[in-house]
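Letter by letter, the sequence shown follows residues 0 to 120 in numbering that gives the first Met the number 0. Just so it is clear, CB atoms sit at the ideal spot from N, CA and C, and this is done for glycine as well. Scroll down for the structure; my scribbles are underneath it.
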Amino acid sequence: MDKNAWFVEDVYRASKASASFAASFVGKKIVIVLDNAPSHSQTEQRVASHDNLVLLRLGPYSPMLNPIALKAKIKGRMRLLEDAATESLPCITQSLVLLEAMFCQRNIEKALNLENMHYGK
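Set out below in structure tokens:
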């Protein structure tokens, strides 16, 4: 846990010493985001206090902020959509495609003008 505090301190010092900080961020706060890994549990207590350092802890479960969890959800959703498309292929006939194309041709002008469209007529 001390390693995490040292790491945060190193990141803080490197940020303060960087040319981009000096050029654009003087007077601004440095925000370091911590997730809820067990190793981060005491980091806030162990890091030296600085006026312009904010340690921001994520909520208990934030998959939308976790790129690994987000990617896993997206891959699962894609798999589901691919399976649905594969299962639906036998239902897509030439006449159905023709009917949908004709519907689009009839209603494109209405859609562009934000007019009501009647489906199934």
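For residue i, which beta-bridge partners are listed by DSSP?
i	result
Arg56	Leu33
Taking the beta carbon of residue i as the centre, do at least 16 other beta carbons fall within 10 Å, making it buried, or is it exposed?
i	result
Asp46	The question names Asp, but residue 46 is Val in the sequence shown. Counting Cβ neighbours within 10 Å, Val46 comes out buried, since at least 16 surround it.
Thr42	buried
Could you check what DSSP says for residue i in three-state terms: helix, strand or coil?
i	result
Thr92	coil
Glu108	helix
Asn115	coil
Gln41	coil
Val25	coil
Ala68	helix
Asp82	helix
Ser48	coil
Ser17	coil
Would residue i pass as a contact of residue j if the rule is Cβ separation under 7 Å?
i	j	result
Phe20	Ser14	yes
Leu52	Tyr11	yes
Leu69	Leu54	no
Asn3	His39	yes
Lys109	Met101	no
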